[in-house]
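S.K.:
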Amino acid sequence: MMLSVTSIVSAFLLFLHVSCGQKDNSLRSKPKHNLQSETFFSGVYSDPNHPGCPRDIMVVGTHAVIIGVDGNPGCLLSTVRTPWTVYGTVSDDDIIVDFSSKGGPENLKGVLEEEPRPAGIRWEDGNKWNRL
12 MMLSVTSIVS
22 AFLLFLHVSC
32 GQKDNSLRSK
42 PKHNLQSETF
52 FSGVYSDPNH
62 PGCPRDIMVV
72 GTHAVIIGVD
82 GNPGCLLSTV
92 RTPWTVYGTV
102 SDDDIIVDFS
112 SKGGPENLKG
122 VLEEEPRPAG
132 IRWEDGNKWN
142 RL
């Protein structure tokens with residue numbers, strides 16, 4: 012099995028994030044661990060608001076790291092791409108992510124959505140990331 016550079020970087024960043032602790036107490040909640048959620052959330056997603064710009068989620072226990080890239084307007088035609096990394100927590104069918112480091116909301120909640128297909132994460136702002 013070949014690991015992508017993104018997967019290796021994600022794992023390393025998640026390890027550092029979990030090992031060093033989080034400064035933001037809003038993400039320190041102790042959600043119930045669910046292996047099914049960990050397995051489902053980990054993966055690569057597409058974001059219709061940023062066409063062609065993948066979002067790579069890696070979950071270990073209840074901690075999540077998301078590495079993504081944004082283009083203008085998307086990554087398909089844009090030559091300028093901005094990489095970013097954000098962190099969150101997973102509990103059952105929910106993920107809560109702090110997007111404030113890239114100008115987004117501090118605690119955006121997403122819910123696993125299997126129907127309608129394709130499966131993905133439905134964010135509380137109405138956006139849905141589809142699992143690739």
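In terms of the working numbering, the sequence shown opens at residue 12 and continues consecutively.
The beta-carbon is built from N, C-alpha and C at its ideal position, and this holds for glycine as well.
(1) Considering only the alpha carbon of each residue, which of ILE77, GLY72, LYS113 and ASN60 lies closest to ARG66?
(2) Under a three-way DSSP split, which group does THR7 fall into?
(3) For GLY131, count the other beta carbons within 10 Å of its own beta carbon; 16 or more makes it buried, fewer makes it exposed. Which is it?
(4) If you follow the beta strand (DSSP E) that LEU88 is in, where does it begin and where does it stop?
(5) Where does SER57 fall in DSSP's three states?
(6) Okay, do the segment 116 to 125 and the segment 91 to 107 touch, 3+ Cβ pairs below 8 Å being the bar?
(7) Taking the alpha-carbon positions, what's the ARG142 to PHE110 distance?
(8) Alpha carbon to alpha carbon, how far is PRO62 from PRO84?
(9) Going by C-alpha to C-alpha distance, which of VAL97, PRO129 and ARG133 sits closest to GLU117?
(10) Within 10 Å of its beta-carbon, does THR50 have 16 or more other beta-carbons around it, so buried, or fewer, so exposed?
(11) Whole angstroms is fine: what's the gap from GLY54's alpha carbon to TRP134's?
(12) Taking only the alpha-carbon atoms, compute the straight-line gap between PHE68 and ASP81 and give it to the nearest angstrom.
(13) Could you pull the start and end residues of the beta strand (DSSP E) that ARG133 belongs to?
(14) Count the other CB atoms within 10 Å of the CB of LYS11; is the residue buried (16 or more) or exposed (fewer)?
M.R.: Straight from the coordinates:
(1) Translated into positions along the sequence shown, residue 66 becomes position 55. Nearest option by C-alpha distance: ILE77.
(2) Any property of residue 7 remains undetermined from this structure, which presents the chain solely from 12 to 143.
(3) To locate residue 131, count along the sequence shown from 1; it is residue 120. By the 10 Å Cβ count, GLY131 comes out buried.
(4) Mapped onto the sequence shown, residue 88 falls at position 77. LEU88 -> no beta strand (DSSP E), and no H or E assigned at all.
(5) Position 46 of the sequence shown, counted from the start, is the residue given in the question as residue 57. The answer is strand: DSSP assigns SER57 an E or B state.
(6) Per the Cβ contact rule, the segment 116 to 125 is in contact with the segment 91 to 107 (3 or more Cβ pairs under 8 Å).
(7) Here residue 142 corresponds to residue number 131 of the sequence shown, with the count starting at 1. Here residue 110 corresponds to residue number 99 of the sequence shown, with the count starting at 1. Cα-Cα distance, rounded: 19 Å.
(8) Here the question's residue 62 lines up with position 51 in the sequence shown. Here the question's residue 84 lines up with position 73 in the sequence shown. Cα-Cα distance, rounded: 8 Å.
(9) As a position in the sequence shown, residue 117 is number 106, starting the count at 1. The candidate whose alpha carbon is nearest that of GLU117 is VAL97.
(10) For the purposes of this step, residue 50 is taken as residue 39 along the sequence shown, with counting starting at 1. Per the 10 Å Cβ criterion, exposed.
(11) The residue given as residue 54 occupies position 43 in the sequence shown. The residue given as residue 134 occupies position 123 in the sequence shown. Roughly 16 Å between the two C-alpha positions.
(12) Mapped onto the sequence shown, residue 68 falls at position 57. Mapped onto the sequence shown, residue 81 falls at position 70. It should be noted that the sequence gives Ile, not Phe, for residue 68. Computed Cα separation, rounded: 15 Å.
(13) Start at 1 with the first residue of the sequence shown, and residue 133 comes out as number 122. 131 to 134 is the span of the beta strand (DSSP E), which, as asked, contains ARG133.
(14) Since the first residue of the chain shown is 12 and the last is 143, residue 11 is not available in this structure.
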